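Reading through the structure tokens given below for one structure.
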Amino acid sequence: MRIGVFVCHCGSNIAGTVDVAGIAKRALTLKDVVHAENIMYTCAEPGQAAIQNAIKEKKLDRVVVSACSPHMHEVTFRRCVDKAGLNPYLFEMANIREHCSWIHTDMPVATEKAWEIIKMSVAKARQLEPLYSNEVEVNKDVLVIGGGVAGIQAALDMADAGLKVTIVEKETTIGGVMAKLDKTFPTIDCSACILTPRMVDCSQHENITLMTYSEIEKVSGYVGNFTVDIRKKAAMVDWTKCIGCEICVQKCPAKAPDAFNAFLEPTKAIYIPFPQAVPKRAAIQVDHCRWFTQGKCRVCERVCPADAIDFEQKDEIVTKEFGAIVVATGLEVFPWEDYYGEYGSGKIKDVISGLQYERMLNASGPYGGHVHRLSNGEDPKTVVFIQCVGSRDESVNRPYCSGVCCMYTAKQALLTKDHVGMDTEVYVFYIDIRANGKGYEEFVKRVQTEFGVKYVRGRVSKLYEDNGKVMVRGTDTLLGEQVEIAADLVVLATGINAAPGAKELAQKLNISYDEFGFMKEGHPKLRPVETNTAGVFLAGVCQAPKDIPATVAQASGTASKVMGLLAKDKLKTSPMIAVVDQKNCVSCWKCIEVCPFSAPEKQELRDGTQKSHVIETVCQGCGVCVATCPVNTIALKGFPTDAILDQIEEVLQS
Amino acid sequence: MTLAYYPGCSLHKSSAEYDVSVRKVLDVLGVEIKEVPEWTCCGSTPAHMMDHLLAQSLAARNLRQAALVGDELLAPCPSCYQREKNAEVEIHASDAFRAEVNEVLDKPYTGRVTVWSLPEYLMKFVGEAKIASLVKADLSQLKVVPYYGCLLGRPGELTGEKDIEQPMMMDLLLQAAGADVKWWNYKTECCGASVGMPKAEIQRVLSGKIIEQALAAGAEAIVVACPLCHVNLDLKQGQINKALGTDYNVPILYLSQVLGLALGLSGDDVLLRQNVVDPTVLVGTAIQKAAAIRVEEERKAAEKAAKEAAKAAKAAETAAKPAAEPAAAPAAPAAAPTKPAAEEAQP
Amino acid sequence: MIRYDAQSAARTRDRLLKEVETDVRDCYQCGNCSASCPAAFTFDIMPNQMMRMLQVGMVDKVLDSKSIQLCIQCLTCTGRCPRNIDVAGIFEDLKTIAAGQGRDVPEHAKTFNEAFMNAVARFGRLPELYMMGMFYLGTMNPKMAMGDAGLAVPMLTKGKMAIVPRRSKGADEVGRIYKKSIEKAKAREKAFTEAAAREEAAAARAAKAAPAAGAHGAGASTADETEVTA
Amino acid sequence: MAEVNNNQASGAATQGAAPGAGAATGAPDRDVKIVGIVCNWCSYAGADTAGVGRFKQPANLRLIRLPCTGRIDPLFALKAFEKGADGVLISGCHPGDCHYSEGNYYARRKFELAERMIHHLGIPKERFKWTWVSASEGARWQKVVTDFVEGVKKLGPREGKAL
């Protein structure tokens, strides 16, 4: 056996704390190691060339690269050795950067640890065998979860490229949060004017299927071959008949909360979120409908010209096949009422969230764009904005910056002057102003100078009512003074939460997410829209808070990644899967019981006996069966048990 | 189990009305208490402003004494509660620190006593339901706001209060007692506390603001569970008026006084006369009003019932004539039950 | 022009980490503490400015401030800090440090605390009238006394006050507790200040001795560099 | 211009930096050696995240990467102890987050047994730990490793390899 060891400096990332030259020399003392060298950047062109040369010249049959994490460059180097004619699975990576040089500062200590990590990798390399991957057919349909601007953008891009796309949206209409916004920063162009045409495109595109008022029930399968159960929620209205004429909504006698309008005013029990809804279809909120709660009424049924009302309608489960999945579940506005008692927990009428103010400003909102005090309907003379409500606040477990509040507050401040009049007093309490987009800083400057909005650097600690006003108690940290402002209207720059149910969805998709429910990208820089589950991609706020331009950009990026994936007719499957050595199989079928993917099957042999057999294209290579098999007759290719035992011995030998 | 009771210096003397009313209320609620033998001052604010070990040791001494009675200690004064709780938590968490404290004490504290504030104890060990079930006097016409002050809730990690900005314990207890509890956003703003002596102007401004907010919220009295808050709002209300040019005359009641009244104790039982701003008139009229309203409602209910009975009778008549008489008979009693039902509606 | 003193900053920071389990470096100057503070209008230094001063090592200024003496420990700042800093805890600790160092603090807070504790140490429980008397004597400020004298009437008539305080059982132990822990505190502060002095002397010597070399900012070299910039 | 004197600060910085360093160089007798077995998707990636974030850790841990904790045979832990490991740390995806949907559930059952088995073999339970660390929990990984290593250090190196 002829093993080659390549130790990477990674500039000073590794060489700064590990004596790379030293361990490269020591590596030559290891059994079977016939070549060892240290290279400035193994992943760079010269580095890869050096590896390929060594393979050819020294007839290497195993390669160990000791550099960064395999999550970073395993693929790179597999390709590299493959080009040099070595089976890519005869390659092993030793992670001496993330797991060594970056977490230790003491040179001797780090060097010793790196040395042992390399020894372990060499030990494992000795046990490696060449592996050959299979190919599977690829289903070219794409599932987009979430019909906000991210989902819409990704869907349209992919549909235009000829892929069949299904959008699943939990509300009755697509459009998401952007559909609720009045204007968009920094250009102050109308949100609806940009979005609604795109929504219509989605509904009319031959390659796009809309499944609104639906949710993901179950996901199984793997890249190229996902099977998804989708729950179509009962709208109690037959959408094949409904024409969206809104007569039922006008006639319905029962009030119900209006989520679309951020609960400013009630809607009806049977509702259509907004006039430009796509699809424009009615649905009944059963827990507010008189028929469902009191057993009388049925007015909608009587007035419906299309006879579309169906009180017997039930949820139905639709099963579809997809080759790739795009997650675009977006956000929910931070529910500040549950966290900020000092701001009145929502009990003070004239203290509202940023989104509520958006709806108030919006001409198609519940007030036709009339900015006023909810307590008495008067125009506000003094309006105060408070930033970082539910952002950068560890006391409510939201340490992150929501990224959009600074800008939408500046926008709303400007619109306040625009709607109510330039003589309105507008204050913005801020900690830092984050305006790092194209034209953003200039926009904030205009708001401060041209529109005379007064920015106060400091946080507000208390809101309370005092003869008809909302008293705002804060500090001006630049003056080192407390300030109190008698406001008519207070708007909280409420931050961003991951969409409700995001964690549960991530679990169904087997992708990672952080403690706040934002989903984890494959790599922050190199694989920003992929996830660690092949075939599942991310777009928009579900990955992290971001504004509309960033969301749309990411959505298009995601679309192109999916197109890249589905451009192939067949996909190579990982050969690192389980195989049964049937001569020792005792047919206990434990493997069949434990396998999450039902990869093992009973196979009839010539002698009529039944033995376990793993279907290669179905096995995902988790190895649960391997650890479960009572007679140790299942092996996991790429992770042979002997390799693991040898690694353990190698560590403890010294 | 007997509850160890730590009155503390203020209740012991200047706030006797709090002490007495707490004891009486607990008695009515069937909670058996025993005063901590040979208790001494908890150290209050000054001690922990001078030295940490001093503060914790003074408190620990009382925990040690309380252990002679039992493992649950009630400290109605939030300042004492805060000090004792503080010591409890730190000492029980670290044996090293316990040792450090015991070095300073004459006899070591080896127990595990848990300290409770009054609202906390009532919520956890008595419950709103039981209080509501024992209510005798109708306080529905007594408009109050509960004022928690600083030390009942803050810091949440210590007191276990889930929402330190909008605590609800006192609200719930007062509602259980049948009082008309108003919502306000000033429950936990500071009244000035002990700074009332060295720096009176702070306290006057702060306390004044609290009274103003209470009135704005539509309350006629403020309910407190803290002798210091009481001194600042009640005893010093005159000074506040002088300093701020106001003419407030707002009774400041102790939680235990209101509960006591609701549970049927007399004004004298809960020492209403001890309060400097006299609450007797307000309380008296509130109770009378409630009684009057009840009478009025009963009358209305009776009328309504009578009318219905009559109507029913008529209906029966018209329904089954000529032989109507027997039909009318069952109709009347059928209507009758509405009357007592109406009465039930009044708590 | 102020002088940043990372040395004393680090020293105080470590101490606060130990005693209050809170790190002043967490402060990002939102000013919520100052906005929350009910007593801030009497402060000479705003709470958020105190945090800043601690970050850059202006420790003496903080220890001599009125603010730490006028803090009423309502804990609102701690409750609302978005970085979960125990601001009130820091104020409390600084106050005890100042007391332990026997600093001559402004305002009557010290007088009040001592009047209070002496009374408690003597009687075991707090004899309010006696304490008030001692306090106002301590302040040497008859006007203040007169201000509250009015209260005596209702207090006496309402039986809220005992003229002649009685000693309670356990008073002796309280006295001993007071004595012992204050001695400990004084000793602790002495040790701390001496250690600090030694440290600074050592650093100064190192700064002179070592030549300006060494990459990883070994104390001496950076000290030299700063002298260049200075 | 403010004059800056930050020698103490930088001193403190480097000093607090590597607990591992102090342990390795400081201790006269053999420093403890710990074998870690982690799943590829959550805990190995979590350790990567810790590295990228430069979350300093003691240097006593050597990691073995497997696709899933479900692949881990408790005997691996016994083997490690038999070969003289002073501690064994096993970590995977949080329940519900398994990349293979349920591998870590099977693993959990095994480890619960293994824990007892190892205890019966006379190895103090502080030397064996299994836990969950997700790919985004770099800080948590640092804490898990630091706490476990500190715990094992308290017990010191194991005398003799035999179980």
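Chains as they are written, first to last, in this note's numbering: chain A, 7 to 660; chain B, 9 to 355; chain C, 1099 to 1328; chain D, 6 to 168. Idealized CB from N, CA, C, for every residue including glycine. None of the values given here were measured: they were computed from a predicted structure.
Nearest candidate by alpha-carbon position, reference residue i, set the options
i	options	result
leucine 236 of chain B	B:Phe133, B:Gly157 and B:Gly246	B:Gly157
threonine 118 of chain B	B:Glu25, B:Ser102 and B:Trp192	B:Ser102
alanine 1196 of chain C	C:Arg1265, C:Asn1130, C:Arg1123 and C:Val1157	C:Val1157
arginine 465 of chain A	A:Asp399, A:Tyr519 and A:Leu511	A:Asp399
phenylalanine 543 of chain A	A:Thr557, A:Asp553, A:Gly528 and A:Leu532	A:Gly528
leucine 532 of chain A	A:Thr564, A:Val558 and A:Ala508	A:Thr564
glutamine 1167 of chain C	C:Lys1193, C:Leu1173, C:Asn1146 and C:Gly1187	C:Lys1193
glutamine 300 of chain A	A:Ala288, A:Ala275 and A:Ile315	A:Ala275
alanine 184 of chain B	B:Asp114, B:Val266 and B:Val123	B:Val266
isoleucine 1280 of chain C	B:Tyr155, B:Glu220, B:Lys170 and B:Asp59	B:Asp59
Residue i at chain A interface by Cβ criterion, 8 Å
i	result
phenylalanine 60 of chain D	yes
aspartate 102 of chain D	yes
arginine 1178 of chain C	yes
cysteine 1128 of chain C	yes
glutamate 173 of chain B	yes
tyrosine 194 of chain B	yes
Counted within 10 angstroms of its Cβ, other Cβ atoms place residue i as buried (16 or more) or exposed
i	result
glutamate 599 of chain A	exposed
proline 136 of chain A	exposed
threonine 35 of chain A	exposed
valine 39 of chain A	buried
serine 1165 of chain C	buried
glutamate 349 of chain A	Correcting the residue type first, residue 349 of chain A is tyrosine in the shown sequence and not glutamate. Buried is the call here.
proline 94 of chain A	buried
glutamine 1105 of chain C	buried
proline 338 of chain B	Because the pLDDT at proline 338 of chain B is just 46, under 50, the model does not fix this residue reliably, and the value given afterwards should be weighed accordingly. The residue is exposed, with fewer than 16 neighbouring Cβ atoms inside 10 Å.
alanine 28 of chain D	Any reading at alanine 28 of chain D must be qualified, since the residue scores a pLDDT of 40, below 50, and its modelled position is unreliable; no value is offered.
Neighbour flag for residue i against chain C, beta carbons, 8 Å
i	result
serine 264 of chain B	no
methionine 57 of chain B	yes
valine 71 of chain A	no
tyrosine 13 of chain B	no
arginine 452 of chain A	no
threonine 54 of chain B	Per the sequence shown, residue 54 of chain B should be read as proline rather than threonine. So, interface residue.
Beta-ladder partner(s) of residue i, from DSSP
i	result
methionine 99 of chain A	A:Val71
serine 96 of chain D	D:Val43 and D:Thr136
alanine 330 of chain A	A:Val148
alanine 542 of chain A	The sequence given here has valine at residue 542 of chain A, not alanine. Answer by DSSP bridge pairing, in chain order: A:Ile331.
Cβ of residue i within 8 Å of any chain B Cβ
i	result
glycine 501 of chain A	no
proline 1252 of chain C	yes
isoleucine 354 of chain A	yes
alanine 1133 of chain C	no
C-beta neighbour in chain D for residue i, strict 8 Å
i	result
glutamine 560 of chain A	no
glycine 600 of chain A	First, the residue type needs correcting, since residue 600 of chain A is valine and not glycine in the sequence shown. It does: the Cβ of valine 600 of chain A has a partner Cβ on chain D nearer than 8 Å.
heavy atom of the ligand COA below 7 Å from residue i C-beta
i	result
isoleucine 39 of chain D	Absence of the ligand COA is noted for the structure shown, with no ligands found whatsoever.
### Message
Tell me whether the segment 57–71 of chain D and the segment 647–656 of chain A touch, counting them as touching only if at least three CB pairs, one residue from each stretch, are closer than 8 Å.
### Response
yes
### Task
Please confirm if the segment 45–56 of chain B is in contact with the segment 305–312 of chain B, defined as three or more CB-CB distances below 8 Å between the two stretches.
no
### Message
Quick test of the definition: if touching needs 3 or more C-beta pairs under 8 Å, does the segment 504–517 of chain A touch the segment 316–336 of chain A?
### Response
They touch, by the three-pair rule.
### Message
Using 8 Å as the cut-off, can you tell me whether the segment 182–193 of chain A makes contact with the segment 406–420 of chain A, which would need three or more C-beta pairs spanning the two stretches below that distance?
### Response
yes
### Task
Pair every Cβ in the segment 47–62 of chain A with every Cβ in the segment 148–156 of chain A, then say whether three or more of these pairs are closer than 8 Å.
no
### Message
Whether or not the segment 274–282 of chain B and the segment 12–27 of chain B are in contact is what I'm after, with contact meaning three or more pairs of Cβ atoms, one per stretch, closer than 8 Å; do they touch?
### Response
Because the criterion of three Cβ pairs below 8 Å is met, the segment 12–27 of chain B and the segment 274–282 of chain B touch.
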